[in-house]
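Visitor: I am attaching a structure below and will ask some questions about it afterwards.
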Amino acid sequence: MAILIDDPRWPAHGRLWAHLVSDSDLAELHAFAAAAGIPRRAFDLDHYDVPDERHADLVALGAEHVGGKELVRRLLASGLRVPGRDRPRHA
Numbered sequence: 848m849a850i851l852i853d854d855p856r857w858p859a860h861g862r863l864w865a866h867l868v869s870d871s872d873l874a875e876l877h878a879f880a881a882a883a884g885i886p887r888r889a890f891d892l893d894h895y896d897v898p899d900e901r902h903a904d905l906v907a908l909g910a911e912h913v914g915g916k917e918l919v920r921r922l923l924a925s926g927l928r929v930p931g932r933d934r935p936r937h938a
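When you line the sequence shown up against my numbering, it's residues 848 to 938, in that order.
Rendered as structure tokens:
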């Protein structure tokens, strides 16, 4: 069981963002995020979006830094991944 974080390379709102996921349990992910001070509004069905300036802090708190492909591979293997077709559409 691990909390994973990828590289902050997703642009939005004038900054870069990383994804924070669990490879086994959403309760574990929510507990880690709460302890790290990440607001629940940053949760997007199967991951938290975290700004680049928090990346090093989250690794120091125990998140395992992995590449994007590894993060997706492990999220899929966990059964926690929410596919794009199941995500709500925003107008």
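We treat Cβ as the ideally placed atom computed from N, Cα and C, and that holds for glycine.
1) Which residues bound the alpha helix (DSSP H) around Asp904?
2) Going by DSSP, what residues sit across from Ser869 in a beta bridge?
3) Per DSSP, what kind of secondary structure is Leu892 in: helix, strand or coil?
4) Just tell me which of Ala924, His894, His860 and Ala865 has its CA closest to the CA of Ala878.
5) Given this structure, state the Cα-to-Cα distance separating His866 from Met848, to the nearest angstrom.
6) With Ala859 as the anchor, note down where its beta strand (DSSP E) starts and where it stops.
7) Starting from the C-beta of Asp899, find all residues in its chain whose C-beta is less than 8 Å away, skip the five residues before and the five after it, and write them out in chain order.
Guide: The structure says:
1) Counting along the chain, the unbroken alpha helix (DSSP H) around Asp904 starts and ends at His902 to Ala907.
2) Ile850
3) coil
4) Sorting Ala924, His894, His860 and Ala865 by C-alpha distance to the C-alpha of Ala878 places His894 at the top.
5) 17 Å
6) Run containing Ala859: Trp857 to Ala859, per the beta strand (DSSP E) assignment.
7) The answer, listed in chain order, is Pro855, Arg862, Leu863, Trp864 and Ala865.
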